[in-house]
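K.L.:
Okay, here's the structure, questions in a sec.
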Amino acid sequence: MYQVYIRSFADDSGDGVGDIAGLRRRLPYLAELGVDAVWINPWYRSPMHDAGYDVADYRDIDPLFGTLDEAQDLIDAAHALGIRVILDLVPNHVSHEHPWFREALASPPGSPARDRFHFRSGDAVPNDWVSPFGGPAWTRTTNPDGTPGEWYLHLFTPEQPDLNWNNPEVRAEFLRTLRFWFDRGVDGFRIDVAHALHKAPGLPDLDGLPYPVPQPADGTPAPAHPFFDRDEVHAIYREWRALADSYDPPRVFVAEAWVNDPTRLARYVRPDELHGAFNFDFLLAPWKPDVLRAVIDRSLASHAAVGALPTWVLSNHDGVRHVSKLARPQTDTRVALLSQVRDDPADLALGERRARAAALLMFALPGGAYIYQGDELGLPEVEDLPDAALRDPIWERSGHAERGRDGCRVPLPWSGDRLPYGFSPEEASAPPWLPQPDDWAPRTAAAQDGDPDSMLELYRAALRLRRTLPADAPLTWLPAPDGVLHFSRGDALRCLVNLTGGDVAAPEGKVLLASGPLHDDGAVPPDTAVWAR
Ligand code: NOJ
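Just so you know, the sequence shown maps onto residues -9 to 523 in our numbering.
Encoded structure:
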């Protein structure tokens, strides 16, 4: 599955923002890359306070990206190339410009319109919940006469009021939205913050309860968190699954659920719920053989217990690009945000070498693999965006303590040796919405096309071979020295990843693909992966 961060993928209109027409034109590139599906980040009508994760109309396209007709044409064109289309559903919150929230603000306390959200009265902030973006999770409204009004809950920005999922109208409305897109041929949805939809009755204080909630030493279940990973969310997904199964072919879902305990995550992919859930343990894992092996084992076991396969992902639009994480040999903790590594010296050649090996590791694992646009070009995080260019609300909400996620969202370089590297047409009226670095000429798709040593050709070759792998070929660990990950997938493939820091002997069999040059005797250098059969 290839993640299209649409505003940074390809700009056809020349306004510096990627659009549907740009994506449509690049579909052959994605077909050649060899992906089965695209997941398109939100393209709906939105005032863009959180890059489209603040939706004002779930059943229309934002004019920045195009029109509903263009969306239909894109869905059909993707299907003609054998590429499925997964959209991004944002059910936890809407935009403050959504008609429901406007109606709520115009309606009195206690009204049905306010019951679709979490409004609370009183002079004090209703509880101690804070937003992961920084600041309190509550904002106070102003009454028509200018006096302070009720508070409303927003786990993210104040422009993203949280919906009340106990309200039957909310449930019905999202079923309508699912049907709207399924009827247009959309193959499924990624579900934004799938673990946050239900809040504890009475909205109790956190009282310092951390998330994830630590497991008590006596083995009893961890207490429920008031707004993350509550059991009630699963009823929603069962209902959605029934709807998806009523289509031919059945539609699919993948959850963005930040749930650390793998057995809790597996609950989202039980047979009557969702089809997949992002494996953030894998995405966050440092480049350490014991950690990676433990994550792989845990993921496979917890999913097997519910009859599902895990997913694997190295980067997405919310965290530091993995080339730049892996470029920090001294960083051995879980890394999501730039502030965690920005001060550590980066060795980008090392990062790239490891990223190549990581890609072969990921594509050899059983389950779904997710590519974030630009992974296949080996793009690093852009760490030196000027303050004035930063657009992620996290920058302001954190009082400039955290630079946010813009560095992984910089528009793609397609071709040419000058900015904007083919992202926008020659006659564009505006520069790309985030500035690209001026040294990306060697990283463009055109520059890498046909170069056997490029990241792009490695991805293409790996995806071609992956197609020949039976999806159900089991993973079996093979004997290997400490620091080496070595496993087979039935008779189809043997994968060896060398994380020892020294050379190791080649795996048995014929080498099908290697992430970097091998020694003349076949020995595998450090930070290199080999596929053999
Ligand atoms: C997760 C999305 O991936 C992220 O980009 C967004 O800011 C939050 N959810 C809020 O919708």
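In this text, a Cβ means the ideal position worked out from N, Cα and C, and glycines have one as well.
Fair warning: this is a prediction, and the values are worked out from it, not measured in the lab.
1) Would the beta-carbon of residue 244 be found less than 8 angstroms away from any heavy atom of the ligand NOJ?
2) Within 8 angstroms: the Cβ of residue 75 and any heavy atom of the ligand NOJ?
3) Hey, how far is the Cα of residue 444 from the Cα of residue 438?
4) Is the separation between the beta-carbon of residue 396 and that of residue 372 shorter than 9 angstroms?
5) If you drop the 5 nearest sequence neighbours on each side, which residues of the same chain put their C-beta closer than 6 angstroms to that of residue 364?
6) Please go through the same chain and pick out, in chain order, the residues whose beta-carbon is closer than 7 angstroms to the beta-carbon of residue 404, but skip the five residues on each side of it.
7) Any heavy atom of the ligand NOJ within a distance shorter than 8 angstroms of the CB on residue 80?
8) With residue -8 as the anchor, note down where its beta strand (DSSP E) starts and where it stops.
9) Please list the segments of the alpha helix (DSSP H) lying wholly inside the segment 197 to 281, counting only runs of 4 or more residues, in order along the chain.
10) Return yes when the C-beta of residue 269 is under 8 angstroms from any heavy atom of the ligand NOJ, and no when it is not.
11) Could you give the distance in angstroms between the alpha-carbon of residue 220 and the alpha-carbon of residue 231?
12) Do residue 487 and residue 398 come within 9 angstroms of each other at the CB atom, strictly closer than that value?
13) Okay, do the segment 441 to 455 and the segment 254 to 265 touch, 3+ Cβ pairs below 8 angstroms being the bar?
14) Looking only at its chain, what residues have a beta carbon closer than 6 angstroms to the beta carbon of residue 362, apart from the 5 residues adjacent to it on each side?
15) Relative to the ligand NOJ, is the shortest distance from any of its heavy atoms to the C-beta of residue 146 smaller than 8 angstroms?
16) So is residue 474 buried or exposed if we call it buried at 16+ other beta carbons inside 10 Å?
17) Assign residue 366 to one of two classes, buried (16 or more other C-beta atoms within 10 Å of its C-beta) or exposed (fewer than that).
18) Would you check whether the ligand NOJ has a heavy atom nearer than 8 angstroms to the C-beta of residue 396?
19) Going by DSSP, what residues sit across from residue 129 in a beta bridge?
20) Do residue 555 and residue 132 have their CB atoms nearer than 9 angstroms?
21) In the DSSP output, which residue or residues are listed as bridge partners for residue 286?
22) Just mark residue 416 as buried or exposed, buried being the case when its beta carbon has 16 or more other beta carbons within 10 Å.
23) According to DSSP, is residue 372 helix, strand or coil?
24) For residue 41, verify whether its CB is less than 8 angstroms away from any heavy atom of the ligand NOJ.
25) Given that a residue counts as buried once 16 or more other Cβ atoms are within 10 Å of its Cβ, and exposed if not, what is residue 71?
26) What span of residues does the beta strand (DSSP E) with residue 476 cover, start to end?
27) Keeping to the same chain, check which residues put their C-beta closer than 6 angstroms to that of residue 195; ignore five residues upstream and five downstream.
28) Counting C-beta neighbours from all protein chains within 10 Å, is the total for residue 498 16 or more, i.e. buried, or is it exposed?
29) Between residue 83 and the ligand NOJ, is the CB less than 8 angstroms from at least one heavy atom?
30) In angstroms, rounded to a whole number, what distance separates the CA positions of residue 2 and residue 12?
31) Hey, would you say the C-beta of residue 150 is under 8 angstroms away from at least one heavy atom of the ligand NOJ?
32) From the DSSP output, read off the bridge partner residues of residue 382.
33) Spatial neighbours of residue 237 within its chain, please: CB distance less than 7 angstroms, with the 5 preceding and 5 following residues excluded, ordered by chain position.
34) What is the DSSP secondary structure of residue 79, reduced to helix, strand or coil?
35) With DSSP as the reference, label residue 50 as helix, strand or coil.
36) Give the range of the alpha helix (DSSP H) segment to which residue 12 is assigned.
P.N.:
This is what the structure holds:
1) no
2) no
3) 5 angstroms
4) yes
5) 402
6) 0, 411, 412, 413, 434, 435, 436
7) yes
8) -8 to -6
9) 223 to 235, 252 to 256, 270 to 274
10) no
11) 18 angstroms
12) no
13) no
14) -7, 305, 306
15) yes
16) buried
17) buried
18) no
19) 142
20) As displayed, the chain neither begins before -9 nor continues past 523, which places residue 555 out of reach and without an answer.
21) Residue 286 pairs with nothing; no bridge assigned.
22) exposed
23) coil
24) yes
25) exposed
26) 474 to 479
27) 117, 118
28) exposed
29) yes
30) 5 angstroms
31) yes
32) The partner list for residue 382 (beta bridge, DSSP) is empty, contrary to what the question assumes.
33) 172
34) strand
35) strand
36) 10 to 15
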